[in-house]
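The C-terminal position of the sequence shown is numbered 386 in full-length UniProt numbering, with every residue numbered one higher than the one before it.
The beta-carbon is built from N, C-alpha and C at its ideal position, and this holds for glycine as well.
Remember, predicted model here, so these are calculated numbers, not experimental data.
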Amino acid sequence: MIRTVYISSLLVVLCRCECVIDHSSDENNWEQKLQKDLKANYDISQPPFVNRTFEVMSFIVIDSYALDSGNDRFEVTGSLILNWMDDRLRWNRSEYAGIADTVMRSAILWLPGFRQVNAVGAGDDDVPFYTLCRVSSSGKVECKLKSVFTSRCRVDLRNWPLDVQQCDLEFGAWKGDKVLVRVKFPNQLYISEVTLETHWRLTDWEMKHSNESEVQTVWTYTLERQTRTLAAILVLPAVVLSLLSASCFLVDVKRTIRLLLCCFSHGCHYRFLSQLQQCIPKHAEDPPALLLLYRGSLVVSVLLIMLSIVLRWTATKDTVVPQPLSTMNKAVMCSRWKMLIWPQWHSSSESTCNKEWTHLANTMNSIALGVTFVVYAILFILFLPR
1 MIRTVYISSL LVVLCRCECV IDHSSDENNW EQKLQKDLKA NYDISQPPFV NRTFEVMSFI
61 VIDSYALDSG NDRFEVTGSL ILNWMDDRLR WNRSEYAGIA DTVMRSAILW LPGFRQVNAV
121 GAGDDDVPFY TLCRVSSSGK VECKLKSVFT SRCRVDLRNW PLDVQQCDLE FGAWKGDKVL
181 VRVKFPNQLY ISEVTLETHW RLTDWEMKHS NESEVQTVWT YTLERQTRTL AAILVLPAVV
241 LSLLSASCFL VDVKRTIRLL LCCFSHGCHY RFLSQLQQCI PKHAEDPPAL LLLYRGSLVV
301 SVLLIMLSIV LRWTATKDTV VPQPLSTMNK AVMCSRWKML IWPQWHSSSE STCNKEWTHL
361 ANTMNSIALG VTFVVYAILF ILFLPR
């Protein structure tokens, strides 16, 4: 009884099941027949059109980019997509079970001689590529392959570490006797969503076309170095050192602490320049402006030491002031210019000659202070990275 019920239930289930027919074998047969017919009279050595300009649409989807500033080398990794029309690959879909497109190996197709003109180590011959291409019934051929484009990029480090670089990728095509291939790019930049993070940020780009030279398309990429934190670490000490040097003018020239402060400022300059040498790029034709800023400040610190020695010697003299200096000193002290003399120190001696020498030291110190501010203003305007 149980066996009869089981067999009956099984028969009911089998009767209700739909019969699934696998048509994959028929589709494969139709596609094989299609590819056989397409390759029958196809000559890969002959271009689709003869004695005319042949256009190839190209796209580059950027996956990653990198700039090696030490070796002046720019590299873009991504997918290269080439589209062109080949009427020899057309077919009637109704004759091949409605097949709209098929996949063929690039080795059995005519390929445009696409090449990067300014590639590092590029030769005169085109580099062939091997990949799978999708061919549609309208004759459209689309090939996609992973590519790495490298070029020489002259790096200008004068504004380091806030430098902005421009690097070019130049593209062209093979020019044969029967056809002239023109490679065209859309006026749009394609960047993958999974673009790898680098020390550089792509901020702008520009594309130029030319039909009268070997280089048909030039991509110019603008890259900005991502070192805002490093810039703050390197620029802030320049401001601190300049203020340290300027503070020397506020100390009495007759006190030993002023000379020690000038020597300390000079030592800080030398120490920081030694540290800066370790992180500064060394493969550049032009030195970074920041380095010139620190060197200029170092020279100012040396001159301040010499000035402090001279002013200390001047303020301690107790001899008769030469007539030209005495006349100039009295003219300054009796005019409105004396309001600009700051700071002013007074002589503790009762000697008239020493007081006059002290006034002269005050005048020289004020003039030197104004000149130092002007020098630092010029240094920061010319050499401060921005």
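Considering just the uninterrupted stretch of the alpha helix (DSSP H) at residue i, what are its terminal residues?
i: I81; result: Premise fails: I81 lies in the beta strand (DSSP E), 73-85, not in any alpha helix (DSSP H).
i: W313; result: 289-315
i: S245; result: 228-247
i: M364; result: 352-383
i: R258; result: 256-279
Run through the DSSP bridge pairs and tell me what residue i is partnered with.
i: Y190; result: V61
i: R201; result: E224
i: M207; result: W219
i: T53; result: L180
i: A119; result: S151
i: D68; result: R73
Where residue i and residue j are concerned, what is the direct C-alpha to C-alpha distance, given to the nearest angstrom?
i: K282; j: G70; result: 7 Å
i: D22; j: W91; result: Note that D22 scores 46 on pLDDT, short of 50, meaning its location in the model is unreliable and no value can be drawn from it.
i: A119; j: L244; result: 50 Å
i: L169; j: V117; result: 8 Å
i: L157; j: R336; result: 48 Å
i: R295; j: D204; result: 34 Å
i: L202; j: S213; result: 28 Å
i: Q32; j: A100; result: 14 Å
i: Q165; j: N365; result: 44 Å
i: E206; j: S151; result: 16 Å
i: Y190; j: L145; result: 15 Å
i: T222; j: S64; result: 14 Å
i: A97; j: R225; result: 56 Å
i: F373; j: S247; result: 11 Å
i: P47; j: E95; result: 26 Å
i: W30; j: I108; result: 19 Å
i: N28; j: V218; result: 43 Å
i: L110; j: W200; result: Going by the sequence as given, residue 110 is Trp instead of Leu. Taking the straight line joining both Cα atoms gives about 38 Å.
i: C143; j: A284; result: 40 Å
i: E356; j: T256; result: 21 Å
i: residue 390; j: D68; result: The requested residue 390 does not occur in the structure, where the chain is confined to residues 1 to 386.
i: W345; j: R271; result: 33 Å
i: D26; j: T102; result: 15 Å
i: S349; j: A331; result: 22 Å
Excluding the 5 residues flanking residue i on each side, which residues of the same chain have their C-beta closer than 8 Å to its C-beta?
i: L360; result: T314, V321, L325, N329
i: L384; result: V235, A238, A289, L290, L293
i: residue 390; result: Past the boundaries of the shown model lies residue 390; the chain is included only from 1 to 386, so the question cannot be answered.
i: S297; result: A238, L241, S242, S245, H269, Y376, L379
i: T327; result: none
i: I309; result: L259
i: S137; result: R90, W91, N92, R93, I99, A100, D101
Any heavy atom of the ligand ADP closer than 6 Å to the beta-carbon of residue i?
i: D204; result: This structure simply doesn't include the ligand ADP, nor any ligand for that matter.
Got a sec, what are the start and stop residues for the beta strand (DSSP E) residue i sits in?
i: C143; result: 140-152
i: Q46; result: From DSSP, Q46 is part of no beta strand (DSSP E); its letter is neither H nor E.
i: T319; result: No beta strand (DSSP E) contains T319, which DSSP labels as neither H nor E.
i: G172; result: 164-173
i: Q116; result: 114-116
i: L157; result: Premise fails: L157 is in no beta strand (DSSP E) and is neither H nor E.
i: D101; result: 101-105
i: S136; result: 132-136
Going along the chain, which residues of its own chain have a beta-carbon closer than 6 Å to the beta-carbon of residue i, five neighbours each way excluded?
i: T358; result: A315, S347
i: Y376; result: S242
i: C153; result: D72, F74, C167
i: residue 396; result: The displayed coordinates of the chain run from 1 to 386. Any statement about residue 396 would go beyond what the structure contains.
i: L382; result: none
i: T227; result: P161
i: S301; result: S245, S265, H266, H269
i: V148; result: T77
i: V61; result: G78, S79, Y190, S192
Among residues of its own chain, excluding the 5 on either side of residue i, which ones have a beta-carbon nearer than 7 Å to its beta-carbon?
i: K140; result: N83, M85
i: V12; result: Confidence at V12 is low in this model, with a pLDDT of 48, below 50, so the placement of that residue should be treated as unreliable; the coordinate-derived value is given next. Taken in chain order, the list of residues that qualify is empty.
i: A231; result: P161, L162, P385
i: D286; result: D156, L157, R158
i: S210; result: Q216
i: R105; result: L132
i: residue 390; result: With the chain covering 1 to 386 only, the question about residue 390 has no answer from this structure.
i: Y130; result: S106, A107
i: L307; result: A368
Any contact between the region 80-91 and the region 54-62? By contact I mean 3 or more CB pairs, one from each, below 8 Å.
yes
Is the region 273-287 touching the region 362-374, taking contact as three or more C-beta pairs under 8 Å? no
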